[in-house]
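Residue numbers (this note's numbering): 358 to 482. Think of the CB as a built atom: it goes at the ideal place given N, C-alpha and C, for glycine as much as any other residue. Keep in mind that this is a model prediction, so the values were computed, not measured.
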Amino acid sequence: MPATLSLIFATFTDPRQRGVEVGAWPGAISVGTALGPVLGGALLEAFSWRTAFLLGVPVMVIVAIGAPLLLPAHRNPATGRVDLASVLLSLAALLPIVYGVKELGKDGRLAVAVAALMIALAFSA
Numbered sequence: 358m359p360a361t362l363s364l365i366f367a368t369f370t371d372p373r374q375r376g377v378e379v380g381a382w383p384g385a386i387s388v389g390t391a392l393g394p395v396l397g398g399a400l401l402e403a404f405s406w407r408t409a410f411l412l413g414v415p416v417m418v419i420v421a422i423g424a425p426l427l428l429p430a431h432r433n434p435a436t437g438r439v440d441l442a443s444v445l446l447s448l449a450a451l452l453p454i455v456y457g458v459k460e461l462g463k464d465g466r467l468a469v470a471v472a473a474l475m476i477a478l479a480f481s482a
């Protein structure tokens with residue numbers, strides 16, 4: 358949620374307009390939080406549990422079509438370059454964590470899981 362709030366602050370520079378948007382922000386979150394379980398439950402009762410995952414599809418189609426038309430283009434000229442070393446170190450830390458957690462659920466593979474988590478710890482320290 359802080360990412361959406363920072364987008365509002367970056368997009369709307371006029372204090373009055375920014376105030377309106379920051380006021381509408383929790384309202385939109387509240388409506389989504391209230392309607393999501395209700396619509397998901399209705400779909401679950403009427404159809405299969407898999408249909409609950411389709412709830413976001415119409416919203417995303419509307420956003421994908423409407424966002425380029427309604428939102429102003431914003432490019433930050435002061436963006437930095439991608440730090441390849443940081444990306445590789447992040448991958449070296451995260452991939453063993455994911456692998457280790459997955460292996461913890463399997464029988465007889467505790468040593469592999471612990472080793473993977475230790476490797477991740479070494480790269481993340």
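For residue i, the three-state DSSP class (helix, strand or coil)
i: leucine 412; result: coil
i: glycine 437; result: coil
i: threonine 370; result: coil
i: leucine 427; result: helix
i: serine 481; result: helix
i: arginine 432; result: coil
i: serine 405; result: coil
Cβ neighbours of residue i in the same chain (closer than 6 Å, five flanking residues each side left out)
i: valine 493; result: Within the shown structure, residues of the chain are numbered from 358 to 482, placing residue 493 beyond reach of any answer.
Pair within 7 Å by beta-carbon distance, residue i and residue j
i: leucine 401; j: alanine 391; result: no
i: alanine 430; j: phenylalanine 480; result: no
i: leucine 411; j: leucine 396; result: no
Contact set for residue i: own chain, Cβ-Cβ below 7 Å, skip 5 residues either direction
i: isoleucine 454; result: Leu474 and Ala477
Residues near residue i in its chain [Cβ-Cβ closer than 8 Å; skip 5 each side]
i: leucine 446; result: Phe480
At 4 residues or longer, what runs of the alpha helix (DSSP H) sit wholly inside the region 439–470?
441–461
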